[in-house]
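Below is one structure; the comments refer to it alone.
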Amino acid sequence: MAAAAHGHTPAAWTGVVISFVGFCIAGVAMIMPNVVLVIAGLAVVLIGGVVGKAMSMAGMGRQPSKNFAPVTAEERTAVTAG
Numbered sequence: 057m058a059a060a061a062h063g064h065t066p067a068a069w070t071g072v073v074i075s076f077v078g079f080c081i082a083g084v085a086m087i088m089p090n091v092v093l094v095i096a097g098l099a100v101v102l103i104g105g106v107v108g109k110a111m112s113m114a115g116m117g118r119q120p121s122k123n124f125a126p127v128t129a130e131e132r133t134a135v136t137a138g
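The sequence shown begins at 57 in our numbering and counts up by one.
Pasting the structure below:
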């Protein structure tokens with residue numbers, strides 16, 4: 057799986073790091089019974105997902121493989137019919 061560069065992109069790393077910080081904030085806030093800080097931590101987790109997706113859409117995510125051509129509809133039906 058490492059050869060496929062699964063998740064090894066700037067978009068993936070940024071999204072995960074931001075989400076991890078949000079989980080840490082929410083976890084500490086649960087220990088300190090602070091509901092507002094728990095909600096803020098969960099908001100940071102959601103922001104991490106949005107930032108990761110936005111960076112991926114901006115071209116910093118996984119690029120299409122140059123080793124495989126996209127499958128056409130005719131090729132797909134020929135494989136499933138045969």
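Cβ atoms here follow ideal geometry from the backbone N, Cα and C, with glycine treated the same way. Note that this is a predicted model, so its numbers are computed, not measured.
Comparing C-alpha positions only, which one of the options sits nearest to residue i?
{"i": "residue 101", "options": "77, 126, 131", "result": "77"}
{"i": "residue 68", "options": "112, 95, 127", "result": "112"}
{"i": "residue 104", "options": "131, 64, 79", "result": "79"}
{"i": "residue 65", "options": "118, 131, 87", "result": "118"}
May I have the straight-line CA-CA distance separating residue i from residue j, to the nearest angstrom?
{"i": "residue 110", "j": "residue 98", "result": "19 Å"}
{"i": "residue 90", "j": "residue 75", "result": "19 Å"}
{"i": "residue 94", "j": "residue 88", "result": "10 Å"}
{"i": "residue 123", "j": "residue 72", "result": "28 Å"}
{"i": "residue 114", "j": "residue 130", "result": "31 Å"}
{"i": "residue 92", "j": "residue 83", "result": "12 Å"}
{"i": "residue 57", "j": "residue 116", "result": "Only weak support exists for where residue 57 lies, its pLDDT of 45 falling under 50; the coordinates are left without a value."}
Which runs of the alpha helix (DSSP H) fall wholly inside the stretch 57-136 and span at least 4 residues, in chain order?
66-87, 91-111
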